[in-house]
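J.: Under our numbering, think of the first position of the sequence shown as 343, with each following residue one higher. Glycine included, C-beta positions come from ideal geometry on N, C-alpha and C.
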Amino acid sequence: MVSPVFKTPITELFDITHPILCGGLMWLADAKFVGAVVNAGGMGFITPRSFATKDAYRKELRKCREITGGKPFGVNIYVSARPEANEELAIFLDIAIEEKVEFVETAGFSPKAFLPRIKDAGMKVIHKCTTLRHARSAAAAGVDAITILGAEAGGHPGMNMIGGIVQGAVVPQDLDIPVVLAGGLGTGRQLLAALVLGADGILLGSRMTVAEEIWADNKYKQRVVETVESDTRIVMSIFNDNSRVLDNATAKTVNELEKQGIKDFEKYRLLVEGSNQKAAYESGNFEQGTLSMGQSCAFANKIASVQEIFDDIVKDAVLMRCRLYKLSLGND
Numbered sequence: 343m344v345s346p347v348f349k350t351p352i353t354e355l356f357d358i359t360h361p362i363l364c365g366g367l368m369w370l371a372d373a374k375f376v377g378a379v380v381n382a383g384g385m386g387f388i389t390p391r392s393f394a395t396k397d398a399y400r401k402e403l404r405k406c407r408e409i410t411g412g413k414p415f416g417v418n419i420y421v422s423a424r425p426e427a428n429e430e431l432a433i434f435l436d437i438a439i440e441e442k443v444e445f446v447e448t449a450g451f452s453p454k455a456f457l458p459r460i461k462d463a464g465m466k467v468i469h470k471c472t473t474l475r476h477a478r479s480a481a482a483a484g485v486d487a488i489t490i491l492g493a494e495a496g497g498h499p500g501m502n503m504i505g506g507i508v509q510g511a512v513v514p515q516d517l518d519i520p521v522v523l524a525g526g527l528g529t530g531r532q533l534l535a536a537l538v539l540g541a542d543g544i545l546l547g548s549r550m551t552v553a554e555e556i557w558a559d560n561k562y563k564q565r566v567v568e569t570v571e572s573d574t575r576i577v578m579s580i581f582n583d584n585s586r587v588l589d590n591a592t593a594k595t596v597n598e599l600e601k602q603g604i605k606d607f608e609k610y611r612l613l614v615e616g617s618n619q620k621a622a623y624e625s626g627n628f629e630q631g632t633l634s635m636g637q638s639c640a641f642a643n644k645i646a647s648v649q650e651i652f653d654d655i656v657k658d659a660v661l662m663r664c665r666l667y668k669l670s671l672g673n674d
């Protein structure tokens, strides 16, 4: 592991070596991956809904604890707009508390209803937002930190589609809690830029899908390696639910339905349901399903271990910091 270079409110909050978080990748963020992230000096989050049963989820938490040697890690909780869809979230949270998980990454709608339980357990929570307005609301509700997404992000970057360089400059100066920048990030120079903008760290998503510790089939990983920044597309805008995904056959079909003005979700269901994504990761058939993919895929240029990816990012940040120093007047 590369020695610590940056000390920020995020490294202190999570007690990590580098100000780098890895988001809860649906189906992919398991104990092996999250444990590797923690051991590489960052923070990762296991996704409960990736597992078939609550018992399997609990076992994964215990496995992660073994891999990290007792070091802290987190879980990802996606809050739906539909109350009935959130009923099992309390169970996921209770299991995490019973297993003494230290951190929670929340996403989707406001986590306010779950914060008392989280706080009573002594856990820290970071909430993922796409707008300053939502970030303010989450901060007022009592979250410990905010992740702000730029339009470059895979998954759900929001409907406003505000670029990361704007989000990174606007949000941190407005809040008095730590802010993490996400979306299209995958290099050390971007880490340095995020810190200069005012953020306290970065969150990686699609950049990490080529990690050796990610269980997906190598054919899928190789497709990611071959992508460039233009190999994503936005789908589901017709439902006011932008999703940035890999530009594949399924995504093109979804866009065709949208161009026709079709608003009957049943016409889309089989194309976008989550089981297709899991099947694609298992088989390596990257044309199947709407596969979340951010523009940071451009930096995922080889299959490598989490440790190697982290080391490369930190070394690049140091190199760019030296460049800034040389560009400063009087430092010829």
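Could you say which of Gly-497, Ala-535, Arg-531, Ile-409 lies nearest to Gln-509 if we only look at CA atoms?
T.: Taking only the C-alpha atoms, the option nearest Gln-509 is Ala-535.
J.: Among Leu-527, Ile-556, Ala-558, Leu-474, which residue has its Cα nearest to the Cα of Asp-518?
T.: For Asp-518, the nearest C-alpha among the options comes from Leu-474.
J.: Please classify Glu-555: does DSSP put it in a helix, a strand, or coil?
T.: The answer is coil: DSSP assigns Glu-555 none of H, G, I, E or B.
J.: So for Lys-401, helix, strand or coil by DSSP?
T.: The answer is helix: DSSP assigns Lys-401 an H, G or I state.
J.: For Ser-585, list the residues DSSP reports as bridge partners.
T.: DSSP output for Ser-585 lists Val-577 as bridge partner(s).
J.: Figure out for me which residue from Leu-363, Asn-643, Ile-651 has the closest Cα to the Cα of Val-522.
T.: Among Leu-363, Asn-643, Ile-651, the Cα nearest to that of Val-522 is on Leu-363.
J.: In the DSSP assignment, what residue or residues form a beta bridge with Ala-524?
T.: Answer by DSSP bridge pairing, in chain order: Leu-491, Leu-545.
J.: If we call anything under 7 Å between Cβ atoms a contact, is Phe-641 one with Gly-528?
T.: Result yes, Cβ atoms of Phe-641 and Gly-528 sit closer than 7 Å.
J.: One question on the structure: do Phe-375 and Glu-555 come within less than 7 Å of each other, judged by their Cβ atoms?
T.: Contact flag set, yes.
J.: Pop quiz: Ser-548 and Ser-638 are said to be a contact at Cβ under 8 Å. What is the actual Cβ separation, rounded to whole angstroms?
T.: 5 Å between Cβ atoms; contact.
J.: Exposed or buried, which one is Glu-408 when buried takes at least 16 other CB atoms within 10 Å?
T.: That one is exposed.
J.: Around the C-beta of Asp-583, are 16 or more other C-beta atoms found within 10 angstroms, so that it is buried, or is it exposed?
T.: Answer is exposed; the Cβ neighbour count stays below 16.
J.: Quick one: is Trp-557 buried, meaning 16 or more other Cβ sit within 10 Å of its Cβ, or exposed?
T.: Flag for Trp-557 reads exposed.
J.: In chain order, what residues of the same chain lie with their CB nearer than 7 Å to the CB of Glu-624, ignoring the 5 residues before and after it?
T.: Cβ neighbours of Glu-624 beyond the five flanking positions: Asp-559.
J.: Rounded to a whole number of angstroms, what is the C-alpha to C-alpha distance between Val-512 and Asp-397?
T.: Rounded to the nearest angstrom, the two C-alpha atoms are 42 Å apart.
J.: Measure how close the beta-carbons of Gly-530 and Met-662 come, nearest whole angstrom, since I'm counting them as under 8 Å.
T.: At roughly 6 Å, the Cβ-Cβ gap stays under 8 Å, so Gly-530 and Met-662 are in contact.
J.: Helix, strand or coil: which one does DSSP assign to His-476?
T.: If DSSP states are grouped into helix, strand and coil, His-476 belongs with the helices.
J.: Apart from the five residues on each side of it in sequence, which residues of its chain come closer than 7 Å, Cβ to Cβ, to Asp-372?
T.: Closer than 7 Å at Cβ, skipping near neighbours: Ile-388, Ser-392, Glu-402, Trp-557.
J.: Enumerate, from N- to C-terminal direction, the unbroken alpha helix (DSSP H) stretches of 4 or more residues contained entirely within the region 398-447.
T.: Correct list: 429-440.
J.: In chain order, what residues of the same chain have a beta carbon less than 7 Å from the beta carbon of Trp-369, not counting five sequence neighbours either side?
T.: So the qualifying residues of the chain are Ser-392, Gln-619, Lys-620, Tyr-623.
J.: Under a three-way DSSP split, which group does Gly-450 fall into?
T.: DSSP places Gly-450 in strand when its eight states are reduced to three.
J.: Among Pro-458, Asp-658, Ser-479, Ser-422, which residue has its Cα nearest to the Cα of Phe-451?
T.: Checked all of Pro-458, Asp-658, Ser-479, Ser-422; the closest Cα to Phe-451 is Ser-422.
J.: Name the DSSP bridge partner or partners of Val-467?
T.: Paired residue(s): Val-446.
J.: Let me check one thing: in DSSP terms, what residues is Ser-634 bridge-paired to?
T.: The partner list for Ser-634 (beta bridge, DSSP) reads Val-587.
J.: Are the CB atoms of Pro-520 and Ile-352 within a distance shorter than 7 Å?
T.: A contact, by the Cβ cut-off of 7 Å.
J.: Measuring alpha carbon to alpha carbon, tell me which residue in Leu-533, Asp-542, Phe-356 is nearest Met-385.
T.: Closest by alpha carbon: Phe-356.
J.: Is Met-465 buried or exposed, if buried means 16 or more other CB atoms sit within 10 Å of its CB?
T.: Classification of Met-465: buried, given that the 10 Å Cβ count is 16 or more.
J.: By DSSP, does Leu-363 sit in helix, in strand, or in coil?
T.: Leu-363: strand per DSSP, three-state reduction.
J.: To the nearest angstrom, report how far apart Val-443 and Ser-670 are at their CA atoms.
T.: Each residue's Cα considered, the two are about 44 Å apart.
J.: Quick one: grab the DSSP three-state call for Gly-506.
T.: Three-state result, Gly-506: helix.
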